[in-house]
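Let me begin by presenting the structure, written as structure tokens, before commenting on it.
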Ligand SMILES: Nc1nc2c(c(=O)[nH]1)N[C@H]1C(S)=C(S)[C@@H](COP(=O)(O)O)O[C@H]1N2
Ligand SMILES: [Mo]
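Numbering (our numbering), first residue to last: 640 to 823.
So, in structure tokens, the structure goes:
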């Protein structure tokens, strides 16, 4: 367990800055643009044509709850990135939600099997409150990086703070280093 965290066991708290949107799977789209060779968008069916990939392990919220055992299924971010071809200048990513929520990540934190676009939690479709129909999942970083109702990734050449990062939270958010607030 990372320092300062406790196991929430069977509870799965909901933390949302926005009102939960009513977003049908048929209306969901996911886009990757910015510093890529060929920007593109996926529908629900397009995304489900990609290989399924499962994450099993912990998640860590900066408010100090963790869940040591979770299982999410979706598609690896690697498979989406392969289709667009990130340009060498791309170092960072702005993840944005259908609601307008944003969060920044280093591109390195989204590649090599470390991040997913998740559709299912514990074998059931993600509930709307937990980001359904689809959320970003970056479980090695604090959970605010895992944008619910994910709409897209914009590849950029500098680290631009997102919603919580502009409000005092750390740019990276590594739970093992307790990167909770700017300056930690
Ligand atoms: N769109 C969006 N994504 C979001 C948030 C949010 O407010 N809006 N909150 C973040 C925070 S602070 C956390 S801890 C997790 C909470 O996910 P959960 O509600 O499924 O537990 O979602 C993250 N993703
Ligand atoms: Mo959070």
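No residue lacks a Cβ here, since even glycine has one placed at the ideal position from N, Cα and C. A quick note: this is a predicted structure, and the numbers were derived from the prediction, not measured.
{"Check": "Beta carbon of residue 673 nearer than 9 Å to that of residue 793", "Outcome": "yes"}
{"Check": "Cross-strand partners of residue 819 (DSSP beta bridge)", "Outcome": "DSSP, once it has assigned bridges, lists no residue as partnering residue 819."}
{"Check": "Residue 667 vs residue 745 beta-carbon contact at 9 Å", "Outcome": "no"}
{"Check": "Check: residue 705 C-beta below 8 Å from any heavy atom of ligand 1", "Outcome": "no"}
{"Check": "Separation of residue 743 from residue 818, as counted between CA atoms", "Outcome": "14 Å"}
{"Check": "Residue 651 (DSSP reduced to helix, strand or coil)", "Outcome": "coil"}
{"Check": "Whole-angstrom distance between residue 652 and residue 702, CA atom to CA atom", "Outcome": "10 Å"}
{"Check": "Beta carbon shell of ligand 1 at less than 5 Å from a heavy atom", "Outcome": "653, 654, 655, 656, 700, 736, 740, 769, 782, 783, 786 and 787"}
{"Check": "Length of the line joining the Cα atoms of residue 705 and residue 720", "Outcome": "29 Å"}
{"Check": "Residue 812 burial status per 10 Å Cβ neighbour count (16 or more: buried)", "Outcome": "buried"}
{"Check": "Local Cβ density within 10 Å of residue 762, reported as buried at 16 or more and exposed below that", "Outcome": "exposed"}
{"Check": "Residue nearest to residue 728 in terms of C-alpha spacing, selected from 710, 770, 711 and 675", "Outcome": "675"}
{"Check": "Any non-hydrogen atom of ligand 2 within 8 Å of residue 738 CB", "Outcome": "no"}
{"Check": "Length-filtered (3 minimum) beta strand (DSSP E) runs lying within the region 757-806", "Outcome": "774-776 and 789-795"}
{"Check": "Burial state of residue 825 (16 or more Cβ within 10 Å)", "Outcome": "Here the chain comprises residues numbered 640 to 823, so residue 825 is not present and cannot be evaluated."}
{"Check": "Contained alpha helix (DSSP H) runs [length at least 4] in the region 666-696, N- to C-terminal order", "Outcome": "683-687"}
{"Check": "Between the CA atoms of residue 641 and residue 671 - distance to the nearest angstrom", "Outcome": "32 Å"}
{"Check": "Nearest to residue 717 (by Cα), restricted to the options 748, 741, 696 and 708", "Outcome": "748"}
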